[in-house]
Structure formats: C-alpha cells, structure tokens
Amino acid sequence: MFRNVAAISLHLIGPLQRKKAGTSLTRCLHQTLTMATRLQARRLDGIDHNPWVECTKMASEYDAVNLGQGFPDFPPPDFALQAFQLALSSDFMLNQYTKAFGYPPLTKILASFFGKLLGQEIDPLKNVLVTVGAYGALFTAFQALVDEGDEVIIIEPFFDCYEPMTLMAGGHPVFVTLKPDGELDSASNWQLDPTELASKFTSRTKALILNTPNNPVGKVFSKAELELVANLCQQHDVICITDEVYQWLVYDGYQHTSIASLPGMWERTLTIGSAGKSFSATGWKVGWVLGPDSLVKHLRTVHQNSIYHCPTQGQAAVAQSFQHEQLHFGQPSSYFVQFPQAMQRCRDHMIRSLQSVGLKPVIPQGSYFFIADISDFKKKMPDLPGDKDEPYDRRFVKWMIKNKGLAAIPTSIFYSRPHQKHFDHYIRFCFVKDESTLQAMDEKLQKWKEELRP
Numbered sequence: 012m013f014r015n016v017a018a019i020s021l022h023l024i025g026p027l028q029r030k031k032a033g034t035s036l037t038r039c040l041h042q043t044l045t046m047a048t049r050l051q052a053r054r055l056d057g058i059d060h061n062p063w064v065e066c067t068k069m070a071s072e073y074d075a076v077n078l079g080q081g082f083p084d085f086p087p088p089d090f091a092l093q094a095f096q097l098a099l100s101s102d103f104m105l106n107q108y109t110k111a112f113g114y115p116p117l118t119k120i121l122a123s124f125f126g127k128l129l130g131q132e133i134d135p136l137k138n139v140l141v142t143v144g145a146y147g148a149l150f151t152a153f154q155a156l157v158d159e160g161d162e163v164i165i166i167e168p169f170f171d172c173y174e175p176m177t178l179m180a181g182g183h184p185v186f187v188t189l190k191p192d193g194e195l196d197s198a199s200n201w202q203l204d205p206t207e208l209a210s211k212f213t214s215r216t217k218a219l220i221l222n223t224p225n226n227p228v229g230k231v232f233s234k235a236e237l238e239l240v241a242n243l244c245q246q247h248d249v250i251c252i253t254d255e256v257y258q259w260l261v262y263d264g265y266q267h268t269s270i271a272s273l274p275g276m277w278e279r280t281l282t283i284g285s286a287g288k289s290f291s292a293t294g295w296k297v298g299w300v301l302g303p304d305s306l307v308k309h310l311r312t313v314h315q316n317s318i319y320h321c322p323t324q325g326q327a328a329v330a331q332s333f334q335h336e337q338l339h340f341g342q343p344s345s346y347f348v349q350f351p352q353a354m355q356r357c358r359d360h361m362i363r364s365l366q367s368v369g370l371k372p373v374i375p376q377g378s379y380f381f382i383a384d385i386s387d388f389k390k391k392m393p394d395l396p397g398d399k400d401e402p403y404d405r406r407f408v409k410w411m412i413k414n415k416g417l418a419a420i421p422t423s424i425f426y427s428r429p430h431q432k433h434f435d436h437y438i439r440f441c442f443v444k445d446e447s448t449l450q451a452m453d454e455k456l457q458k459w460k461e462e463l464r465p
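Numbering-wise (the numbering used here), the sequence shown opens with residue 12 and increments by one.
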C-alpha cells in the first residue's frame with residue numbers, strides 16, 4: 012500500500028510544486044513519501060540480502076541434486092513419528108495452549124536427560140525454556156542479553172544467523188577465525204589461536220558464541236579448546252552461548268563435550284539444542300535453552316512478549332521421543348547411537364565420490380556438513396561467469412549447479428565480510444541424505460568424470 016501511495020505522491024508533487032510550493036497538501040504528500048521510504052528499520056541495514064535464497068532457487072531451476080541445504084531427506088525414526096501421531100489423536104487438550112515456557116512433560120524430561128550429561132540438578136521450572144527451534148533460542152538469547160554497543164565474540168566460520176542477530180540486538184560482532192594448521196584434510200586441524208582469541212576480549216565483551224560440532228566445518232572442539240574458552244569467559248566475566256544442535260552427530264570415535272559441564276561454566280552458559288536435529292525432523296521446529304535462572308529468566312521475558320508459546324503437539328511428541336531415548340541411551344538400540352553410525356557411512360560415501368572429480372573434502376568430526384577445497388578449480392578456471400567482486404566460491408557454486416547438476420553452499424557466506432576473500436576456495440556439502448540422493452549424486456559425478464577424461 013505504501014509503495015503505491017509513494018508513487019502517487021511523486022506524480023502529484025511535481026505539478027503542485029510548480030504551482031505553489033510549500034502548500035499544506037504538498038507538505039502532507041512529502042510526509043507520506045518520507046514515511047514510505049523509511050519503512051525498513053535501520054537495524055536491518057546490511058543484513059537484508061540472503062545468498063541462500065539465490066542458491067536454493069537455482070538448484071530448483073536447474074533440477075540439481077540438493078547437497079547444500081542442511082536437512083535430512085528421509086523420515087524421522089518410527090518412534091518419533093508414532094509420538095507425533097499420538098499427540099495428534101490422543102488428547103484433545105494438546106490442541107490448546109500449554110505453559111508458555113514449555114510443555115511440562117518436555118521441560119521435565121529435558122531437565123532429567125541433560126542434567127545427567129551436564130552434571131547439574133536442572134530445575135524444569137527455572138533452568139529450561141522451550142523455543143521455536145534452536146533459531147528461536149538464539150534470537151531470544153541475543154535480544155535478552157545483548158545491549159547497544161556490547162561486543163559479541165563470534166568464532167568463524169559461523170552459522171550465518173549469528174552476525175545479524177548480534178546486529179539486530181544492537182551489539183557489535185567481533186570475529187576470531189579458525190585456521191587450518193598442518194594437513195588440510197581434517198576438521199580437527201582447524202584451530203583457534205589462543206593469543207588471538209584472548210586479544211578479542213575487552214571490557215565491552217558481553218558474550219561469546221560457540222558452535223560445536225561446528226557448522227560448516229564439522230569441527231568438534233576438544234576439551235582443551237573448551238577449557239581455553241571457559242577460562243577466558245570466567246576471567247573476563249563473559250556469557251557463553253553454546254549452540255550444540257549437532258551434539259549427537261560425532262564420528263570416528265570423537266567425543267562431544269558441553270562447555271557448561273566444565274567447572275565454573277554452568278553459571279554463565281546457555282546451552283541450546285534442537286529436536287529437529289536430534290530426531291531428523293527439522294520441520295518440527297522445537298528447540299530449547301538450558302542455563303542458570305539468572306540468565307534464563309531474561310530469555311523468558313523476551314519469549315513471553317514475542318513468541319509467547321510453542322505448538323503443544325510438537326512439544327508432546329518431542330517429550331515422548333526423549334522418554335524413548337532415555338530408556339535406550341548409550342545402548343546399541345539408541346537412535347543417538349545408530350544415527351551417527353549411519354551418517355558416517357553417508358559421509359564417507361560422499362567424500363569418496365567428490366574426490367573422484369578433484370574436489371578435496373575436509374573430513375568432519377561431527378555435524379551434517381563438510382567443506383571441500385576447490386583451490387585446484389580456482390587455478391584452472393579463475394574467470395568463471397559473474398561479478399568479479401563476488402567471492403569465487405559463489406561463482407563456482409552457480410557454475411556447478413548450472414553445468415554439473417549439483418548444488419552446494421559457498422563457504423564464504425559463513426565468514427565476516429573482511430575474511431570472505433581469504434576463504435572463498437571452499438564450498439559446503441550436506442551429507443545427511445537418503446541413499447537415493449547419494450545415487451543421484453553419483454550419476455552426476457560419473458558424467459563429470461567422463462568429461463574430465465582427455
């Protein structure tokens with residue numbers, strides 16, 4: 012509506028100004044035009060362009076095999092589907108509101124389940140908040156705790172919402188970069204420089220956000236690395252927001268450690284999780300945040316006055332799914348044991364296949380993803396179509412979608428703008444895919460290999 016009014020204003024103002032400048036009608040129309048040109052809040056400046064949309068649109072347009080977006084294209088486990096079906100049919104009151112901060116059976120099982128893992132007595136009424144996915148937990152945390160001018164340390168590459176969420180809260184992102192050290196074929200070799208990390212902490216630092224296992228590299232932070240982060244957070248009185256949505260997906264014998272379990276960290280840590288990632292049901296959009304009441308109570312204020320409440324039936328299904336897992340946890344029958352074993356096979360399949368055409372995957376320790384080095388292609392094909400100021404990986408992904416029928420995500424979008432050009436020789440793949448998707452990928456790669464033959 013406002014755009015149309017603005018157009019009419021432009022049409023009318025010209026003649027009026029020629030006849031009699033400064034009339035009340037002219038002023039009124041100028042005010043209308045001004046209002047129309049300021050519809051976007053300034054907090055959105057610079058974050059309103061999303062390269063994901065372009066990649067997803069192109070993948071659909073060229074009917075490419077989608078190896079970019081992070082979702083399973085196979086069903087959740089039977090027990091989770093049955094739990095959702097039961098929630099839909101068993102109790103008509105599950106169609107109504109539940110407690111604003113979480114369906115009581117869900118907050119109780121989350122407190123019990125994670126209390127054992129974190130070594131804490133977790134109070135479901137004070138230490139748990141159920142959110143609309145992990146995204147909701149992250150947004151609520153930033154809005155509740157970050158003030159205008161506060162600094163937030165972000166370890167890059169980072170899940171791409173961290174920076175805009177910091178900016179929307181009025182904060183200032185401060186970046187510290189994981190850097191490959193030694194052999195480049197393993198995510199374990201992507202390291203933090205302790206001196207550089209320590210230099211990022213100032214009197215204005217409010218929070219540090221940690222993502223382990225990491226998206227997009229697939230790095231699982233070691234206990235020693237977490238202790239480094241923990242010591243600095245305690246030394247500088249900084250909050251740690253830890254995004255652990257992939258905590259069950261670790262491979263090759265690596266172990267996930269929650270930083271909140273380290274001495275002195277529960278009191279200053281918000282631990283974020285996801286039912287979608289835990290049970291291969293990303294569309295359910297049920298997440299949670301665990302932490303001390305001194306922090307969680309502020310998130311509840313934001314939640315109460317924004318989302319207010321998450322869908323009851325989804326929460327009931329997740330509660331039942333965790334109750335099932337609690338009975339099987341640590342045993343061969345546990346989904347949290349079976350799922351990473353299956354995904355490690357998918358990971359290894361995709362890595363072998365991509366290597367056959369000259370891509371160089373960095374083997375992940377965890378998560379849905381790995382990145383692949385495209386440096387050799389950058390040397391052979393430096394002048395791919397597109398804007399020359401556009402990072403090379405974005406142009407390569409577009410070329411690969413159009414010419415090879417395979418979709419990935421450019422890794423540069425997971426970096427701050429000053430660092431994108433230094434890491435534009437990697438692209439990200441999601442290997443949490445069905446066997447049929449992997450077969451379709453192999454068919455595309457076979458054609459690619461044939462084209463490479465002299």
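Each residue gets a CB set at the ideal place from its N, CA and C atoms; glycine is no exception.
No experiment lies behind these values; they were computed from the predicted model shown.
- Counting C-beta atoms within 10 angstroms of its own C-beta, H314 has 16 or more neighbours from the protein chains shown and is therefore classed as buried.
- If you check the CB distance, A155 and T312 come in under 8 Å.
- By the CB criterion at 8 Å, V300 and T109 fall outside the cutoff.
- When C-beta atoms of the stretch 188-202 are compared with those of the stretch 363-373, three or more pairs fall below 8 Å, so the two segments count as touching.
- When C-beta atoms of the stretch 129-146 are compared with those of the stretch 261-273, three or more pairs fall below 8 Å, so the two segments count as touching.
- Here DSSP, grouped into helix, strand and coil, assigns I164 to strand.
- Cα atoms of I58 and P175: separation of roughly 6 Å, rounded to the nearest angstrom.
- Closest in C-alpha terms to T67, from the list G81, R54, D56, comes G81.
- Collapsing the DSSP output to three states places D359 in a helix.
- Just measuring C-alpha positions, the residue of N225, V139, G275 sitting nearest S199 is N225.
- Taking each of I252, S285, Y257 in turn and checking the Cα distance to V307, the smallest one comes out for I252.
- Secondary structure of P184 (DSSP, three-state): strand.
- With contacts defined by Cβ atoms closer than 8 Å, G113 and Q258 do not form a contacting pair.
- Apart from the 5 residues on each side of it in sequence, G287 sits with its Cβ closer than 6 Å to the Cβ of T293, W295 in its chain, given in chain order.
- Contact check between the stretch 352-367 and the stretch 203-211: fewer than three CB pairs, one atom from each, fall below 8 Å, which does not count as touching.
- Each of L92, G79, L50 was checked against the Cα of H335, and the nearest Cα belongs to L92.
- Scanning its chain for C-beta atoms nearer than 6 Å, with the 5 sequence neighbours on each side dropped, one finds around G182 the residues V157, D161, V163, in chain order.
- Secondary structure in the stretch 339-419: the beta strand (DSSP E) runs of 3 residues or longer, each lying completely within the stretch, are 371-373, 380-384 in chain order.
- If you draw a 10 Å sphere on the C-beta of K409, you find 16 or more other C-beta atoms in it, and that means buried.
- When only Cα atoms are considered, E401 and D84 end up about 31 Å apart.
- Rounded to whole angstroms, the gap between the alpha carbons of L178 and K389 is 33 Å.
- For D196, there is no enclosing alpha helix (DSSP H), as DSSP marks it with neither H nor E.
- Contact between D404 and S423 holds: their C-beta atoms lie close to 5 Å from each other, under 8 Å.
- Contact check for L78 against A418 passes: the beta carbons are separated by less than 8 Å.
- L219 sits away from G377, with the two beta carbons spaced by 8 Å or more.
- Listed as beta-bridge partners of D254 by DSSP are N222, I283.
- For C172, no alpha helix (DSSP H) encloses it, and the DSSP letter there is neither H nor E.
- When DSSP states are grouped into helix, strand and coil, T109 belongs to the coil group.
- Listed in chain order, the alpha helix (DSSP H) elements of length 4 or more contained wholly in the stretch 262-331 are 286-289, 304-315.
- Between A145 and S285, the C-beta gap is smaller than 8 Å, which places the two residues in contact.
- Under the DSSP assignment, F440 falls in the beta strand (DSSP E) whose first and last residues are 437-441.
- Apart from the 5 residues on each side of it in sequence, P303 sits with its Cβ closer than 6 Å to the Cβ of E278 in its chain, given in chain order.
- Non-local C-beta neighbours of G126 in its own chain, meaning closer than 7 Å and more than five positions away in sequence, comprise E132, I133, ordered along the chain.
- For T422, there is no enclosing alpha helix (DSSP H), as DSSP gives it neither H nor E.
- For the options P322, M354, F232, the alpha carbon positioned closest to that of S289 is the one of M354.
- In the DSSP assignment, T142 falls outside any alpha helix (DSSP H) and within the unbroken beta strand (DSSP E) covering 139-142.
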